[in-house]
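Okay, structure first, notes after.
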Amino acid sequence: MEEGLDEAIRAKTSKITLVQAKLHLLFAPKALFLLKTCLCLPKLYILRCSPVGKVPWVLEEFGEVVRESLAEITNVEMTSGPWRQATFPVNLGGLGIRRTEEITLPAFWALIHSVHQLVLDILP
Numbered sequence: 004m005e006e007g008l009d010e011a012i013r014a015k016t017s018k019i020t021l022v023q024a025k026l027h028l029l030f031a032p033k034a035l036f037l038l039k040t041c042l043c044l045p046k047l048y049i050l051r052c053s054p055v056g057k058v059p060w061v062l063e064e065f066g067e068v069v070r071e072s073l074a075e076i077t078n079v080e081m082t083s084g085p086w087r088q089a090t091f092p093v094n095l096g097g098l099g100i101r102r103t104e105e106i107t108l109p110a111f112w113a114l115i116h117s118v119h120q121l122v123l124d125i126l127p
């Protein structure tokens with residue numbers, strides 16, 4: 004199962020890498036909006052519906068691609084300090100970029116909780 008997760012996340016990472024090459028052509032606020040809302044975590048179905056916490060090395064690669072994209076868009080070197088601040092929520096002075104390590108387990112458990120009653124209804 005881990006091999007399938009590894010391949011699926013690497014496929015998503017490669018797609019984001021392709022789009023990342025074009026993001027710098029956009030106006031920076033538009034590129035940041037696209038990175039936050041379309042390319043990052045909230046829209047990735049695989050992070051919500053599979054136990055990707057079992058392959059942390061692939062999640063780190065995905066996070067690094069997002070970090071590089073953000074550095075290119077903002078023209079700021081994303082060392083640990085600026086990256087940490089960028090991952091804060093907007094109301095706390097950050098950019099609202101979610102880190103994969105922080106969101107995968109809660110997202111997976113939210114899915115499990117949401118389908119729990121359906122599973123109980125289906126299974127005797």
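Just so you know, the sequence shown maps onto residues 4 to 127 in this note's numbering. We put the beta carbon where it would ideally sit given N, CA and C, even for glycine.
If the criterion is Cβ atoms closer than 8 Å, does the pair residue i and residue j meet it?
i, j, result
"K25", "I100", "no"
"R70", "W60", "no"
"E128", "G66", "Outside the shown range of the chain, which is 4 to 127, sits residue 128, and nothing can be said about it."
"T90", "G97", "yes"
"I76", "A14", "no"
"L8", "V68", "no"
Using C-beta distances below 8 Å, list every residue in its chain close to residue i, excluding the 5 sequence neighbours before and after it, in chain order.
i, result
"R51", "A110, F111, A113, L114"
"L62", "I12, V55, G56, T103, E104, T107"
I need the straight-line Cα distance from residue i to residue j, nearest angstrom please.
i, j, result
"L126", "S53", "21 Å"
"G56", "P32", "31 Å"
"M81", "E6", "30 Å"
"V79", "S17", "23 Å"
"E64", "I19", "12 Å"
Just verifying my parser: in three-state terms, what is the DSSP assignment at residue i?
i, result
"I12", "helix"
"G128", "No answer is possible for residue 128: it lies beyond the span of the chain, which begins at 4 and ends at 127."
Taking 6 Å as the limit between beta carbons, can you name the residues of its chain near residue i, skipping five residues before and five after?
i, result
"Q23", "S72"
Which residues in the same chain have their Cβ closer than 7 Å to the Cβ of residue i, if we skip the five residues on either side of it in sequence?
i, result
"A74", "E80, M81"
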